[in-house]
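Q: As numbered in this note's numbering, residues 256 to 722 make up the sequence shown, in order.
Handing you a structure now.
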Amino acid sequence: MKTEQTIEPFINEQQIAEILSSASAKDASSVRAILAKAKELHGLEPEEIAVLTSISDPELLGELFETAKSVKETIYGRRLVLFAPLYISNLCSNECLYCAFRARNKEVKRRALTQEEIRREVEILVNQGHKRILLVAGESYPKEGFSYILKAIETIYSVKTPTGEIRRVNVNIAPLTTDEFRQLKAARIGTYQLFQETYHRQTYQKVHQGGKKTDYNWRVTAMDRAMEAGIDDVGIGVLFGLFDWRFEILALMQHIHHLEERFGVGPHTISVPRLEPAAGSDMSIHPPQPVSDIDFRKIVAILRLAVPYTGIIMSTRETPNMRRETFALGVSQISAGSRTNPGGYAEGKEVLEEAQFSLGDHRPLDEVIFDITRLGYIPSFCTGCYRLGRTGQDFMDLAKPGLIKQHCDPNALSTFLEYLLDYASPQTKEAGLALIDQALGQMEPLTRRRTEAMLRKVRSGQHDVYC
Ligand code: SAM
Ligand code: SF4
């Protein structure tokens, strides 16, 4: 097995700089040729992606957004998968200048939830209707060390209420050794998620001023170790606002290309967090290279075209409006009703002195579901692929010829109906049931019959119906 010392560096800054400088000021017909190619759903080359980053003409920008919308619609239909983050600890030994959890920040009250407190948080999320959790923690564990995380995952999966349970736990924690990744896999995680923050080495060194996270190579090779350990679904990301977003997009592509070459499959998801104000962090209030709202939409649209089959995750860092706009441009998974302070669900409020950053969308899950239902999106709590072993390459083999829809569409409707019957407010239930009828009416006959059979089971009281 290759160790991180023997993995050839795969982020080539010089090459990115050259591609970006030769891409600027392309004429409208070259841009349109790239958009036409993107519609074929095979992704784009770095040089083509770079051209799209340079679009400023409003008409071409409109065409970029329209193309992204059509690709999103073709591959994902109207589905949006929902999850909730669960912050179990804000202990951290690193000094990331943008984050409230950084070790030297005295403005934050430190807290690592006990297993009992984790159980309580999960019960609250299950009773809201959640089925997927993203476990999040700082890079320092209570005295039992890494087994704290493993126990937390076990606790989450053990919570059962009369109507629900968490069916998929994804994790966003610091990079691990290959052996620790094996233990994480054995604990039945879904996706292992980790953001490089910035792929630009000099900026990386500037913004990480202490602790293990100062080691760029250890972080950038984390997905190699995760995949060597058998974790098929990994999620990568960039913290936008630290460096030039055009550079970061091309670096993300180099990371993806590296994973595809080594493991035959790229990441399952890409996250696009933008820097938000965090207690005790000047950098979070004055980002070194802020990303404007229009550029943020461009980022989502370009990623949708560049890697059409990779999920894009949008968190509650963004406002309801920005979230709505980016759903159309390519987002496939969203968090809702989030708290970023450990214990935040039981406390019922955001406690800024314990939180990682401030949120842009404060609405509870039911309100978000009502909103997206009204917009015609189908909320999905599906966890079918991961539980039937359709992960990594197997998932992509079904996704690329368009076959995955035969599973995703029925599963979205059955899990949405489960939510509506068990947890929804009357207005959400009414809007949701109408949307399910409408969606059934648009299905081709065979899928419709299968879906109707699944919905009948859910109506008769059966839970967790998936194909
Ligand atoms: N501690 C682990 C790490 O750093 O990878 C995992 C959890 S960390 C809490 C999750 C992510 O939050 C980080 O990777 C970073 O991208 C993001 N983050 C940190 N500070 C932020 C801020 N001020 N605004 C938005 N996102 C932030
Ligand atoms: Fe710690 Fe992660 Fe925050 Fe850095 S981003 S201070 S590692 S919690």
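Cβ atoms here follow ideal geometry from the backbone N, Cα and C, with glycine treated the same way.
Computed from a prediction, not measured in an experiment: that's the story for all the values here.
For the ligand SF4, I want to know if Phe356 counts as a neighbour, meaning its beta carbon is within less than 7 Å of at least one of the ligand's heavy atoms.
A: yes
Q: Who are the Cβ neighbours of Pro440 in its own chain at under 7 Å, not counting the five residues just before and after it?
A: Note on identity: in this sequence residue 440 is Lys, with Pro being the wrong assignment. Result list for Lys440: Ala484, Gly485 and Ile486, in chain order.
Q: Taking the alpha carbon of Glu580 as the reference point, which residue from Lys553, Arg375 and Phe518 has its own alpha carbon closest?
A: Lys553
Q: Would you list, in sequence order, the uninterrupted alpha helix (DSSP H) runs of no fewer than 4 residues that lie entirely inside the region 275-357?
A: 283-293, 301-308 and 313-331
Q: Could you tell me which residues DSSP puts in a beta bridge with Leu389?
A: Answer by DSSP bridge pairing, in chain order: Pro340 and Asn425.
Q: Report yes or no: do three or more beta-carbon pairs, one from the region 332-342 and one from the region 632-652, lie closer than 8 Å?
A: yes
Q: In terms of residues, what are the limits of the alpha helix (DSSP H) holding Ser539?
A: Asp537 to Ile540
Q: Leaving out the 5 sequence neighbours to the left and right, which residues in its chain are closer than 7 Å to Pro619 when beta-carbon positions are compared?
A: Gly592
Q: Can you say whether Ala556 is buried or exposed, counting buried as having 16 or more other CB atoms within 10 angstroms of its CB?
A: buried
Q: With Leu389 and Phe320 assumed to form a contact (beta carbons below 8 Å), what rounded beta-carbon distance in angstroms separates them?
A: Separation of the CB atoms of Leu389 and Phe320 is rounded to 28 Å, and the pair is thereby denied contact status at 8 Å.
Q: Should Ile526 be labelled buried (16 or more other beta-carbon atoms within 10 Å of its own) or exposed?
A: One point to set straight first is that residue 526 is Ser, not Ile, in the sequence displayed. Answer is buried; the Cβ neighbour count reaches 16.
Q: For Gly496, which option in Glu503, Ser536, Val546 and Gly519 has the closest C-alpha, if you only look at C-alpha atoms?
A: Val546
Q: Given a cut-off of 8 Å on the beta-carbon distance, is the pair Tyr353 and Asn596 in contact?
A: no
Q: Have a look at Glu302 and His510 and give me their C-alpha separation to the nearest angstrom.
A: 16 Å
Q: Please return the same chain residues whose Cβ sits closer than 7 Å to the Cβ of Val306, not counting the five positions on each side in sequence.
A: Ala278, Lys281, Ser285, Val286 and Ile289
Q: Is Ala392 near the ligand SAM - that is, is its Cβ less than 7 Å away from at least one heavy atom of it?
A: yes
Q: Taking 6 Å as the limit between beta carbons, can you name the residues of its chain near Gly419, skipping five residues before and five after?
A: Contacts found: Val381.
Q: Going along the chain, which unbroken runs of the beta strand (DSSP E) with 3 or more residues stay wholly within the region 576-604?
A: Segments of the beta strand (DSSP E) lying fully in the region 576-604: 588-590.
Q: With a threshold of 7 Å, establish whether the CB of Ala323 neighbours any heavy atom of the ligand SF4.
A: Not so, every heavy atom of the ligand SF4 lies at least 7 Å from the Cβ.
Q: Inspect the beta-carbon positions of Ala323 and Leu584 and report whether they are closer than 8 Å.
A: Contact flag set, yes.
Q: Just to confirm the assignment, what range does the beta strand (DSSP E) spanning Met569 have?
A: Counting along the chain, the beta strand (DSSP E) containing Met569 begins and ends at Gly566 to Met569.
Q: Checking the sheet assignment: what are the DSSP bridge partners for Thr524?
A: Gly490 and Gly566
Q: Does the separation of the CB atoms of Leu507 and Val520 fall below 8 Å?
A: no
Q: Give me the Cα-Cα distance between Ala283 and Lys292, rounded to the nearest whole angstrom.
A: 14 Å
Q: Quick check on this structure: which residue in Phe650, Arg529 and Gly639 has the alpha carbon closest to the alpha carbon of Lys386?
A: Gly639
Q: For the alpha helix (DSSP H) that contains Gln438, what are its first and last residues?
A: Thr433 to Ala441
Q: Tell me which residues share the same chain as Leu449 and place their Cβ nearer than 6 Å to its Cβ, disregarding the 5 neighbours each side in the sequence.
A: Excluding its 5 nearest sequence neighbours in each direction, Leu449 has C-beta neighbours in its own chain below 6 Å: Ala477, listed in chain order.
Q: Using the beta-carbon count (16 or more within 10 Å), is Glu503 buried or exposed?
A: buried
Q: Nearest-angstrom Cα distance between Gly615 and Ile589?
A: 13 Å
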